[in-house]
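Here is the structure we will look at.
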Amino acid sequence: MTVYFIGAGPGAADLITLRGARTLAACPVCLYAGSLVPAALLDSCPPGARLVDTARLDLDAITEELVTAHRAGLDVARLHSGDPSVFSAVAEQMRRLDAAGVPYEVVPGVPAFAAAAAALKRELTVPAVGQTVVLTRIAQQATPMPEGEDLATLGRSGALLVLHLAARYVDRITAELLPHYGPDCPAAVVAMASRPDELVLRGTLDGIAGQVKAAGVTRTAVILVGRTLGAGQFPDSHLYSPDRDRHDR
1147 MTVYFIGAGP
1157 GAADLITLRG
1167 ARTLAACPVC
1177 LYAGSLVPAA
1187 LLDSCPPGAR
1197 LVDTARLDLD
1207 AITEELVTAH
1217 RAGLDVARLH
1227 SGDPSVFSAV
1237 AEQMRRLDAA
1247 GVPYEVVPGV
1257 PAFAAAAAAL
1267 KRELTVPAVG
1277 QTVVLTRIAQ
1287 QATPMPEGED
1297 LATLGRSGAL
1307 LVLHLAARYV
1317 DRITAELLPH
1327 YGPDCPAAVV
1337 AMASRPDELV
1347 LRGTLDGIAG
1357 QVKAAGVTRT
1367 AVILVGRTLG
1377 AGQFPDSHLY
1387 SPDRDRHDR
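All letters in the sequence shown, in the order written, are residues 1147 to 1395 by my numbering.
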């Protein structure tokens, strides 16, 4: 049978995709991260489904659950918050399933950075201001960052940075980015994006850390830094320009 890695979305239960919801409703086994995946999503599981909270399980235990279900002829929904393509620890699970000969598929979901942009009511790519978005994190009590992916190196690009898993280290982040973006660069932090307790903080790079600490934000948040967050004057996109040849195929 098949393991389905399903992006559960950023937090709101209704931000799972239609495909994700249909797949979840058809799987008699569901593994989910209880601290991140909304409990309301589990109501979509079929009656009598085996529900396994992976919050306290290590990789070996998770793999054993997936392989055991496969051997029993049962499809598995493996729910991951956000989208499985970014900071989901899916790669090592896939590697284990490949070794065990267990087939799997991936159902994409709405990533946290997209929900944060929606909360800010901002397009992250703005004509003539910024066309590049860098998704990253920092190496603090986590897997070390590869060479050349430190904040100083990434900051030299001037691109919009979106940092995951880093809210509790906002002081360090702002200090490292200030020389590259300047104190007046727009910055924002969105915690619990799309959830009822969503919190949006807006400011500049030299002041956003104080807001984060005053609000007590330490987790489940993304930090955004870049000029596109405050862009007001910019040319219209060529996409809808009257000068564009709309007969061009």
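Note that beta-carbon positions come from the ideal geometry of N, C-alpha and C, so glycine has one too. What you are looking at is a predicted structure, and each value in this text was computed from that prediction instead of being measured.
- Going by DSSP, R1217 is part of the alpha helix (DSSP H) stretching over L1205 to R1217.
- Counting along the chain, the unbroken alpha helix (DSSP H) around H1326 starts and ends at V1316 to Y1327.
- Non-local C-beta neighbours of T1320 in its own chain, meaning closer than 6 angstroms and more than five positions away in sequence, comprise L1351 and A1355, ordered along the chain.
- Counting only runs of 3 or more residues that sit fully inside the segment 1223–1253, the beta strand (DSSP E) segments are 1250–1253, in chain order.
- With contact defined as three or more Cβ pairs closer than 8 angstroms, the segment 1330–1344 and the segment 1361–1375 are in contact.
- Q1379 and Q1277 have their C-alpha atoms spaced approximately 15 angstroms apart.
- Leaving aside the five residues that flank P1325 on each side, none in its chain has a CB nearer than 7 angstroms to its CB.
- Less than 8 angstroms divides the Cβ of S1190 from the Cβ of A1167.
- The C-beta distance from A1245 to V1336 rounds to 38 angstroms, too long to fall under 8 angstroms, and the pair is not in contact.
- A1367 sits in a strand when the DSSP states are folded into three classes.
- The count of Cβ pairs closer than 8 angstroms, one atom from the segment 1190–1208 and one from the segment 1283–1299, stays below three, leaving the stretches out of contact.
- Rounded to the nearest angstrom, the Cβ distance from L1170 to L1187 is 7 angstroms, consistent with a contact under 8 angstroms.
- DSSP lists no beta-bridge partner residue for T1278.
- A1367 and L1345 have their C-alpha atoms roughly 9 angstroms apart.
- A distance below 7 angstroms between beta-carbons, with the five flanking residues on each side excluded, links M1338 to the following residues of its chain, in chain order: G1157, E1344, L1345 and T1366.
- For F1380, there is no enclosing beta strand (DSSP E), as DSSP gives it neither H nor E.
- Here the alpha carbon of A1377 sits roughly 23 angstroms from the alpha carbon of E1322.
- Closest in alpha carbon position to V1316, among A1305, L1297 and G1304, is L1297.
- The beta carbon of V1175 sits closer than 6 angstroms to those of R1196, A1215, L1220 and V1222, all from its chain and outside the five residues before and after it, given in chain order.
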